[in-house]
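A.B. asks: Attaching a single structure in structure tokens format; questions to follow.
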Amino acid sequence: MNPEKSPELTVQTLLALRKEDDAVRLITERLRVKEMGPADHIRTKHEVKAFVESGDTAAANKLLLSGKERVALNQAMAEKIAITQSQKQRP
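Each residue of the sequence shown is one higher than the one before, starting from 1 at the first, in my numbering.
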């Protein structure tokens with residue numbers, strides 16, 4: 001299994017990526033941390049580092065769930081901000 005080609009991120013993919021030399025960078029890219037807010041970005045990177053050190057399956061599952069939630073939350077907030085700004089621009 002090539003973890004870089006899999007479109008869906010799974011616990012097994014995270015466990016495989018954990019063994020790579022630049023695991024933290026690879027995992028954070030796959031979790032799309034750049035699409036999160038600054039605090040969530042930093043928090044997720046710390047969680048990824050802890051997962052890479054431990055290799056715990058439960059930590060991998062938690063990382064997947066929290067990563068998806070943070071990206072979704074940031075997207076929802078960005079949409080609300082865009083709507084608010086467009087309403088303010090109306091005469």
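Don't be surprised by glycine CBs; every beta carbon is placed ideally from N, CA and C.
Which residue wins for smallest C-alpha separation from residue 12, given the options 21, 22, 27?
C.D. replies: Comparing Cα positions, the closest option is 27.
A.B. asks: Where do the N-terminal and C-terminal ends of the alpha helix (DSSP H) with residue 26 fall, by residue?
C.D. replies: Looking at the DSSP string, the run of the alpha helix (DSSP H) that includes residue 26 is 23-30.
A.B. asks: I'd like to check one pair, residue 55 with residue 31: are the Cβ atoms closer than 9 Å?
C.D. replies: Result no, Cβ atoms of residue 31 and residue 55 do not sit closer than 9 Å.
A.B. asks: Excluding sequence positions up to five away, which residues of its chain have a Cβ less than 8 Å from the Cβ of residue 34?
C.D. replies: Only 41 meet the Cβ criterion.
A.B. asks: Please report how far the alpha carbon of residue 1 lies from the alpha carbon of residue 18, in whole angstroms.
C.D. replies: Note that residue 1 scores 42 on pLDDT, short of 50, meaning its location in the model is unreliable; the coordinates nonetheless yield the value given after this. Whole-angstrom Cα-Cα distance: 14 Å.
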